[in-house]
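Counting from 150, one number per residue, gives the positions in the sequence shown under the working numbering.
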Amino acid sequence: MPQGTQIVFHAGLRQIGGTVVEVRYGEARLVFDFGSAYRPAQAFAEAEFFPNGRKPSLRHLLLLRKLPALDGVYRRRDLHSSSYPDGNGYSDVPSPPRAGKVGKSPVPYEEWGGETAVFISHFHLDHTAGLPWLHPKVPIYTSEESLRVWTALVRAGLAEEGAPHDHETVIPMPEERSFRFGDIRFWVLSVDHNVPGASALFLETPDLRLVYSGDLRLHGSNPQKTARFVAEARSFRPDLLLLEGTSLPPEREREALPRAPLFESALAKRLAEVAADVRGPVLVHTYVRDAERLLLYVDLAKKLGRRALLGPKAARYLFSLAGRRDFAVLRLPEEEREAEEAGLLPLPRELPRVDVVDLAASPEAFFVHIPCTYPALPLDLAETGGVFFHSDGMPYGPHNPAYGPWREAIEASGFRYEVVHANGHAVPEHLFQIVRAIAPKRLVPVHTYNPERYAEVFPHTFLPEHRIPYGPKDFGC
């Protein structure tokens, strides 16, 4: 067993999302987060390997590098099977033994001698996609609000998306309350991001102080949360600051570093200005987990004299999380049957149900959030003369191979296409302000394709490599 603190970056370097960092002291280790990297092109490879909606097994995900080969966290049966946990794989029988040199298989939880806990900073898939594969006895720590998001996702029928419904040990973390796992002490503070519950992690061992930002921004509706985090982190005087850098551009775009973000307030104003002159349907495409944005659409619809219309899953999510009843629900019969069979949260009877036929007949009456299970809705409303707002939904932009054909089809359907993004990640100028304010001994970039942009500005930047154990002396602490 190593002496002192040991840190291993299993995933999350030179990529967006998929951050998996292990901090170990003695027999105990804390892992944060447990998602999968955002790699648009990988979806095409997966479609070749797993056609017709087939789901990859854990072994497949390890080979695809979507999850880390981490000892002591996975079930033995999953490591030796080609099946997905729900049986929707190629086979429900154990796979044949591997042949050739394909790498060491992780040690199953059942055979691991140490103690492991996992911290989740927030419930976006790039931070949670691996949770369904965790052994249910591995404790998961997350903020109290993130636990409410988790519950709402389960009740909405989104449990398969990095929010398992049957995990045995989940510990909600009130802000600033300190927790101990072996000789590791840790606590959380909320930050502003585009999902409720997003939190930064403060961690202390006998020989190291570390702050992990998770995902954060200063241009959202609650910049005071991030500002408070920065002040507390400065007072903490961390040895290491693990800071996201999603917005840092590549070398050829260095001159664009100090670009200004679109604030949430400006986004709301732009939506209202454009939608006010539209006689057809108003469609908006946003990631379903952004509850704050969904609430904005409900309120904006009223001001425009329209009714907000949500898909069944978004409706359940928003009703579970916020208790709102002032919107209509798009009726999707097959999805309703599946929800009833799965015992999902029943929606209040007083919520109006609207068929696609009714929507097409009176498109001017609605402000529609595109259902995550019905992305072809704009094509089925072709030539209704409306506007399509692309507002932080997927595919996010031209870097995604699907974006061009996707946008062309929407515009071919007769929609005015408007891009109105106010994403969840701090712009470079704000990131640099955060580093200067916190003044860590070492800055460690995570969650970015371009960590060198930090190193160009801050000489104390440390660029680690995957799967190499580091101690405090390696960082110069």
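Virtual Cβ for every residue (Gly too), placed ideally from N, Cα, C.
Compute the beta-carbon to beta-carbon distance between residue i and residue j, rounded to the nearest angstrom, for a pair I have assumed lies under 8 Å.
i: Leu-449; j: Leu-420; result: 6 Å
i: Pro-527; j: Phe-537; result: 6 Å
i: Gly-573; j: Val-431; result: That pair is no contact at about 23 Å.
i: Gly-542; j: Tyr-436; result: 6 Å
i: Gly-202; j: Leu-274; result: With a Cβ gap of about 18 Å, Gly-202 and Leu-274 do not count as contacting.
i: Arg-602; j: Pro-577; result: 7 Å
i: Leu-207; j: Tyr-223; result: 6 Å
i: Ser-270; j: Phe-328; result: Ser-270 to Phe-328, Cβ: 15 Å. No contact.
For residue i versus residue j, is the C-beta distance shorter than 7 Å?
i: Thr-168; j: His-579; result: no
i: Ala-575; j: Leu-365; result: yes
i: Trp-299; j: Phe-272; result: yes
i: Ile-320; j: Pro-345; result: no
i: Asp-220; j: Val-170; result: no
i: Glu-484; j: Pro-461; result: yes
i: Leu-397; j: Tyr-361; result: no
i: Glu-176; j: Gly-306; result: no
i: Pro-594; j: Pro-600; result: yes
i: Leu-357; j: Pro-613; result: no
i: Phe-193; j: His-615; result: no
i: Cys-626; j: Asp-341; result: no
i: Leu-459; j: Ala-424; result: no
i: His-316; j: Pro-285; result: yes
Measuring straight from C-alpha to C-alpha, what distance separates residue i and residue j?
i: Ala-604; j: Arg-502; result: 54 Å
i: Leu-592; j: Leu-359; result: 10 Å
i: Lys-204; j: Ala-380; result: 44 Å
i: Leu-179; j: Arg-173; result: 6 Å
i: Arg-465; j: Ala-440; result: 11 Å
i: Ala-349; j: Gly-429; result: 43 Å
i: Arg-225; j: Tyr-258; result: 7 Å
i: Arg-565; j: Pro-200; result: 34 Å
i: Pro-407; j: Ala-571; result: Low confidence applies to Pro-407: its pLDDT is 46, below 50, so where it sits in the model is not reliable, and the reading given next is rough at best. Looking at the two C-alpha atoms, the distance is approximately 16 Å.
i: Ile-165; j: Leu-216; result: 14 Å
i: Tyr-552; j: Tyr-545; result: 7 Å
i: Ala-457; j: Glu-489; result: 23 Å
i: Gly-238; j: Met-322; result: Because Gly-238 carries a pLDDT of 45, less than 50, the predicted location of this residue cannot be relied on, and the following value inherits that uncertainty. Whole-angstrom Cα-Cα distance: 35 Å.
i: Ala-248; j: Asp-227; result: For Ala-248, the predicted structure reports a pLDDT of 43, less than 50, and the residue's modelled location is therefore unreliable. A value from the coordinates is still provided. The alpha-carbon atoms of Ala-248 and Asp-227 are separated by roughly 18 Å.
i: Leu-411; j: His-368; result: 7 Å
i: Pro-512; j: Leu-467; result: 23 Å
i: Thr-318; j: Leu-296; result: 12 Å
i: Thr-522; j: Ala-312; result: 17 Å
For residue i, which of helix, strand or coil comes out of DSSP?
i: Glu-499; result: coil
i: Gly-492; result: coil
i: Pro-355; result: coil
i: Phe-537; result: strand
i: Ile-333; result: strand
i: Ser-370; result: coil
i: Gly-175; result: coil
i: Glu-381; result: helix
i: Gly-236; result: Caution is warranted here: a pLDDT of 44 is assigned to Gly-236, below 50, making its placement in the model unreliable, and no coordinate value can be reported.
i: Leu-459; result: strand
i: Gly-553; result: helix
i: Ile-320; result: strand
i: Val-606; result: helix
i: Tyr-290; result: strand
i: Phe-158; result: strand
i: Gly-620; result: coil
i: Leu-445; result: helix
Mark residue i as exposed unless 16 or more other C-beta atoms lie within 10 angstroms of its C-beta, in which case mark it buried.
i: Val-568; result: exposed
i: Ser-339; result: buried
i: Gly-394; result: buried
i: Pro-497; result: exposed
i: Arg-627; result: Residue 627 is absent from the model: the chain starts at 150 and stops at 626.
i: His-314; result: exposed
i: Glu-400; result: exposed
i: Pro-495; result: exposed
i: Pro-554; result: exposed
i: Ile-629; result: Since the first residue shown for the chain is 150 and the last is 626, residue 629 is missing from the structure and cannot be characterised.
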